[in-house]
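Line by line, the protein sequences are chains W and H. Last residue of the first sequence? That's 329 in my numbering, and every number before it is there in order. Last residue of the second sequence? That's 1329 in my numbering, and every number before it is there in order.
Number of protein chains: 2
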Amino acid sequence: MRDDDPAVGDLSESAVLARILSRVGAAPEAIVGPGDDAAVLRDAGPVVATTDTLVHGPDFRLAWSSGFDLGWKAAAVNLADIAAMGARPTALLVALTMPDDTRIGFVEALAEGLRAACDSLAPGCAVAGGDLTVSPTLTVAVTALGSLDGRPAVRRSEARAGDTVALAGDAGVAARGLAVLFDRFRDAAGTPVAVDRSLLDAAEQTALDRQLRPEPPLAAGVAAARAGATAMMDVSDGLALDAGRLAAASGVGLDLDTEMIGGDPRWSISGGEDHALLATFPPGDRLPSAFRPIGRVRAADGVPVRVDGRPHRGRGGWDPYRDWDAQRG
Amino acid sequence: MRDDDPAVGDLSESAVLARILSRVGAAPEAIVGPGDDAAVLRDAGPVVATTDTLVHGPDFRLAWSSGFDLGWKAAAVNLADIAAMGARPTALLVALTMPDDTRIGFVEALAEGLRAACDSLAPGCAVAGGDLTVSPTLTVAVTALGSLDGRPAVRRSEARAGDTVALAGDAGVAARGLAVLFDRFRDAAGTPVAVDRSLLDAAEQTALDRQLRPEPPLAAGVAAARAGATAMMDVSDGLALDAGRLAAASGVGLDLDTEMIGGDPRWSISGGEDHALLATFPPGDRLPSAFRPIGRVRAADGVPVRVDGRPHRGRGGWDPYRDWDAQRG
């Protein structure tokens, strides 16, 4: 027992909550914040809402992610889904399920990571409510809410043949960071061990940072909506795979160009978790500054996605967590 | 392996999702429903939002709860928090974390339970989005959203001395049902066993039903708001305990009368999970039909809650799950 960092099971729920609330900051969009039955958010037109859960084992390992990293990532991946609708994130609800022996210092760092991600990626958005539950498995379920401020939502289903395909953000960097973790920071038995950054070169360190604390270009979502994007989605599972989903939803085909995408094509086409924004714009329109053109929308012809002229086949990503013993590390 | 009921780990995520979506029905308040990055809800003024997670072990046992029960309860407990703000539930987001060997039939029943609870307790509300993740521990994290339709939220902090304290719904019935489960449906080693309803009398069967599929009087929440309720909350942890929270938030004291509450005081004062609505109304005002008077608000005097004239002390509830091996059943 470490007296300076008690376990959550040794504290009352209200004590744990107080430690969290003092760290997540106030939610400017909340008329009613934490402490009542539910949060109440200011009226700002139609509400955009999404939820995504990070589970210890399949989605992260405590040997590799700090509490701050986990809070940041849980916020960032949900904020990206709001941005991908062309909306402005307004508030998060955070449901934590934690083993009794989770250290309060870890929970505090997680709260700080949630706040830092909001402040950095979506200023004005903050935690407005949540829930704490005991569980054998640590999970962070975040619901993000957003406002369209009177604009229509940018769906993934309205891309048209001739549109420019554009990308804001990294492609494949976070996936390279995941490979660094799996390749370099496991012991002989395959169990994750703590990261020693001094063993990594600058590119590897950047990739690791993006894997643990992704930095999706969230403001680009609203910018794309304002610029008339016809379709948009966030790239969570890999560019080619997600492009195929956009193509299917819109009933079109997409041609992508690896040189325009940039980076190493071994990562940029199939790597997920960067949460870049993939969007389509009417042909000839000037793109918002965060976006670079990476291809063209064409009529459907049975091949959803071509990369450098060749049909893209297969899932397009790998998911080492899923193929790996979920109980270790 | 049961071919007629495959495990979720043997199906693709999209196949699992399709089975769920065919069962949860359409969400009438959703402009954009499942299938995009986020749901978009019709503009209906300030948004009320809450989240609550049910975790296998601490919150439910599969030996006792069917998939349908679990879906129903996960919806009901969240819908109650929306109603307790005086709001009309509009949509649910549902994040499931499930072991790979979870049967698809269980997941389908869970989806049907979510829909049935919405249809029965909050018509017009439905599932508008969600998330699926693999986890060693089955959890159901629901976010409920609601609309105030132009009314202010009814908080728990505005009760005034002289107000009538009123209750809509059961007090202690669900807790009695939990005791039935713990007392009658565990084997000699304490492990949960399947419920045999034929062993129960009518009152026990009702109590069991309310524990597994609570029926909070959700329409009473909007009725209370319209009638001018000064404060309101849902009773999730026990009447006296939650009354103490309302008293603390409002800076007042509450006097409760067990005869007016009704039922067996051994359960009605301390039993949780009925998700009844506890509200206060200006003195002399006619109560909405779902509410019965159960006491009076008085000025704060150092005793938050008196029951039949005697100070209520202690937590006021018991939580057998928490004191019990979380790995069994």
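Backbone N, C-alpha and C fix where the C-beta goes; we use that ideal spot for every residue, glycine too.
In the DSSP assignment, methionine 260 (chain W) falls outside any beta strand (DSSP E) and within the unbroken alpha helix (DSSP H) covering 258-261. In this structure, the straight-line span from the alpha carbon of aspartate 1119 (chain H) to that of isoleucine 269 (chain W) is close to 44 Å.
For a cut-off of 8 Å, the C-beta gap from leucine 138 (chain W) to threonine 97 (chain W) is around 7 Å, short enough to register as a contact. Residue environment analysis places alanine 1015 (chain H) among the exposed positions, since fewer than 16 neighbouring C-beta atoms fall within 10 angstroms of its C-beta. Rounded to the nearest angstrom, the gap between the Cα atoms of valine 1307 (chain H) and arginine 1292 (chain H) is 16 Å. At least 8 Å separates the beta-carbon of leucine 41 (chain W) from that of threonine 102 (chain W). Cβ-Cβ separation between serine 135 (chain W) and glycine 1057 (chain H): approximately 7 Å, consistent with a contact (criterion under 8 Å).
Judged by their CB atoms, alanine 1049 (chain H) and leucine 93 (chain W) are nearer to each other than the 8 Å cut-off.
Here phenylalanine 1185 (chain H) is near valine 1193 (chain H), since their CB atoms are less than 8 Å apart. As DSSP reads the structure, aspartate 81 (chain W) sits in no beta bridge.
Taking all protein chains in view, the Cβ of glycine 1251 (chain H) is surrounded by fewer than 16 other Cβ atoms within 10 Å, so the residue is classified as exposed. For a cut-off of 8 Å, the C-beta gap from valine 1154 (chain H) to alanine 1231 (chain H) is around 7 Å, short enough to register as a contact. Closer than 8 Å to the CB of valine 1165 (chain H) there is not a single CB belonging to chain W.
Within the same chain, Arg115 and Ala126 come within 6 Å of glycine 25 (chain W) by CB-CB distance, once the 5 residues on both sides are set aside. Within the region 1022-1033 of chain H, the residues whose Cβ lies closer than 7 Å to some Cβ of chain W are Ile1031 and Val1032, listed in chain order. At a beta-carbon threshold of 7 Å, the residues of chain H lying near threonine 97 (chain W) are Thr1053, Val1055 and Thr1139, ordered along the chain.
Close CB contacts of aspartate 1149 (chain H) within its chain, under the 7 Å cut and outside five residues either way in sequence, are with Ala1044, Gly1045 and Arg1088 (chain order). Among the bridge pairs identified by DSSP, arginine 1266 (chain H) is matched with none.
With a 10 Å radius around the Cβ and a threshold of 16 neighbouring Cβ atoms, glycine 71 (chain W) comes out buried. Under the three-pair Cβ rule at 8 Å, the region 1210-1221 of chain H counts as touching the region 1272-1281 of chain H.
The Cβ atoms of aspartate 52 (chain W) and aspartate 1052 (chain H) do not sit closer than 8 Å to each other.
If you draw a straight line from the Cα of serine 236 (chain W) to the Cα of proline 216 (chain W), it is about 10 Å long. Spanning the alpha carbons of alanine 1224 (chain H) and aspartate 5 (chain W) requires a straight line of approximately 44 Å.
Contact check for methionine 1233 (chain H) against leucine 1246 (chain H) passes: the beta carbons are separated by less than 8 Å. Here arginine 1266 (chain H) is exposed. Its C-beta has fewer than 16 other C-beta atoms within 10 Å. Look at the region 1219-1237 of chain H: the residues with a C-beta under 7 Å from a C-beta of chain W are Met1233 and Asp1234. In chain order, Thr1164, Ala1166, Ala1227, Phe1281 and Pro1293 place their CB closer than 8 Å to the CB of leucine 1287 (chain H), counting only its own chain and leaving out the 5 sequence neighbours on each side. For alanine 91 (chain W), the three-state secondary structure derived from DSSP is strand. Taking 8 Å as the CB threshold, alanine 1279 (chain H) stays off the interface with chain W.
For the region 1112-1134 of chain H, the beta-carbon criterion of a distance under 8 Å to any beta-carbon of chain W is satisfied by Ala1128, Gly1129, Gly1130, Asp1131, Thr1133 and Val1134. Alanine 243 (chain W) and glycine 162 (chain W) have their alpha carbons spaced roughly 15 Å apart. Put simply, the backbone Cα of aspartate 1059 (chain H) is about 12 Å away from that of valine 1077 (chain H). The Cβ of isoleucine 1082 (chain H) sits closer than 8 Å to at least one Cβ of chain W.
Inter-residue distance for leucine 11 (chain W) and arginine 19 (chain W) is about 11 Å (C-alpha atoms, whole angstroms).
With respect to the 8 Å criterion, valine 1195 (chain H) and aspartate 1100 (chain H) are not classified as neighbours on the basis of their beta carbons.
Among the residues facing chain W, leucine 1246 (chain H) is not included, as its CB has no counterpart in that chain under 8 Å away.
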